[in-house]
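Have a look at the structure below before the remarks.
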Amino acid sequence: MVAKKPRARIDAALLLLVLAAVMGFSARPCESSLYNPPPPAMAYHDGAVLDGVVPVSVLYYGAFPPHHKAVVADFLLSLSPHGRDMQRQHSFGAPGPAPPPTVARWWATVDRYVRKASLVTSAGARVVLASQVDDAACSMGKRLTRAQVEHLASRFGVAPGGVAVVLTASDVAVDGFCTSACGTHGSSSTSLGGAVHVWVGDASAQCPGRCAWPFHPAEGFAYGDTAGRRGHEHGRVEAALRAPNGDAGVDGMVINLAALMAGAVTNPYGRGFFQGDAAAPVEVAGACPGVYGRGAYPGYPGAVRVDAATGAGYNVVGRNGRRYLLPALVNPDNYSCLIMS
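In case it helps, numbering that gives the first Met the number 0 puts the sequence shown at residues 0 to 340.
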């Protein structure tokens, strides 16, 4: 004869089962809240990209020291090096520390987007510095509208597939500069064949905390005030990086020029690669704002390389051994931020 279990023990066991079930179901929302969805795709909208040889002409509008022009020219020449610029030094014996990434390696991500859009085999976008022109006297004055900037770009008569770059000096004001943009890119047409232009301003005298960061304390993070910092969750002010070429203005211009060149090549006419609305597209260099090294967060550019001699921050090396800090691009394979390290 089998003895029966007491009723109280059965009720207690059932209660425990019910509690376990309830706790199990209630834990699921907590677990799902830790799920990080994948970043949005950098979608291709079936439009043209700049493929093959991309001749670039640069207009220096206003007074630019020769050193600043050399920094810009070396950057553009570093995007698609050839000839002696592609030669590598070989060493023997025990391996030393890993060499820093090159500007060309950074641009290789742009090439991957170009090849992704091409219906035929493509080598990507090979940038060629076609010409450099000075307008030190500021022939159209020192306060420009966006339409005037586009007119300056049109003076080059850039061939289809090329880019006209207009760089404005620190004492030249452009409508919307600092308040809405550090630079822009656009075209005279929405179809293949329209002239493509890029404009970038020198922010050193007008808004260094907005357009020359991280070589100047960012607006909202500066001067030790811990209250009201935009997005800053770590409770400390990060010191500004030293500019790798000795001037926050020109090094900040290179950051913005790099981002806009990437956008001009991958989305020249508004139907290329971008996220979101075509009227306000987030392009390949805009989806990872403020990211230059690993561990970046708002107000902190991330862990970047530091020049032992000067203490300057950088993440890539270009022509003539020149160092630059370039923004992270979106990886076309998994849409994460691709950091040069």
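C-beta: ideal position from N, C-alpha, C; glycine also. Computed from a predicted model, the values in this text were never measured in an experiment.
Between V283 and V329, the gap from beta carbon to beta carbon is short of 8 Å. Taking the Cα positions, A122 is about 8 Å away from V113.
Straight-line spacing of the CA atoms in Y268 and A307 works out to 42 Å.
Residue range 124 to 134 is occupied by the beta strand (DSSP E) that includes A124, with no alpha helix (DSSP H) assigned at that position. Residue pairing for W198: DSSP places it in a beta bridge opposite V165, T183. As computed with DSSP, T178 is found in no beta bridge at all. Distance between N319 and V102, taken at the CA atoms: about 12 Å. Under a 10 Å Cβ-count criterion, H196 is classified as buried, with 16 or more other Cβ atoms of the shown protein chains found around its own Cβ.
Apart from the 5 residues on each side of it in sequence, P100 sits with its Cβ closer than 8 Å to the Cβ of N314, V315, V316, M339, S340 in its chain, given in chain order. Burial state of T144 is exposed, judged by a 10 Å Cβ sphere holding fewer than 16 other Cβ atoms.
Going by C-alpha positions, D133 is about 32 Å away from A279. Note on R322: 16 or more other CB atoms within 10 angstroms of its CB, so buried under the neighbour-count rule.
C210 sits in a helix when the DSSP states are folded into three classes. By a beta-carbon distance limit of 8 Å, G61 contacts A168. Their separation comes to about 3 Å. Per DSSP, the continuous alpha helix (DSSP H) segment holding S77 begins and ends at 65 to 78.
Sequence-distant Cβ neighbours of M139 in its own chain, meaning closer than 6 Å and more than five residues away, are Q147. By the criterion of a C-beta distance shorter than 7 Å, A72 is surrounded in its chain by L128, Q131, once the five residues flanking it on both sides are discounted. Residue pairing by DSSP puts G312 in a beta bridge opposite V305. Apart from the 5 residues on each side of it in sequence, V57 sits with its Cβ closer than 6 Å to the Cβ of Q131, V164 in its chain, given in chain order. Classified as exposed, T178 has fewer than 16 neighbouring CB atoms from the shown chains inside 10 Å of its CB. Nearest C-alpha to F63 among Y291, G248, T309: G248. DSSP places S153 inside the alpha helix (DSSP H), whose first and last residues are 145 to 153.
Around the beta-carbon of D45, fewer than 16 other beta-carbon atoms lie within 10 Å, marking it exposed. Across the structure, M260 and S203 are spaced so that their CA atoms are roughly 21 Å apart. C336 and A286 have their C-alpha atoms roughly 8 Å apart. G298 is positioned such that its CB atom lies no closer than 8 Å to that of R241. Closest option to A238, judged by alpha-carbon separation, among P80, A302, F155: A302. For V53, the enclosing beta strand (DSSP E) stretches over residues 51 to 60. Of the residues R142, A40, C210, A42, the one whose Cα lies closest to the Cα of G251 is C210. Take the alpha-carbon of P159 and the one of V264: they are about 12 Å apart.
The beta carbon of A135 sits closer than 7 Å to those of G61, A62, all from its chain and outside the five residues before and after it, given in chain order. Excluding residues up to 5 positions away in sequence, R142 lie with their Cβ nearer than 6 Å to the Cβ of A172 in the same chain. Residue pairing by DSSP puts Q274 in a beta bridge opposite V281. The Cβ atoms of G312 and L325 lie no closer than 8 Å to each other. In the DSSP assignment, M260 falls within the alpha helix (DSSP H) that extends over 247 to 265. In chain order, G200 place their CB closer than 6 Å to the CB of F176, counting only its own chain and leaving out the 5 sequence neighbours on each side.
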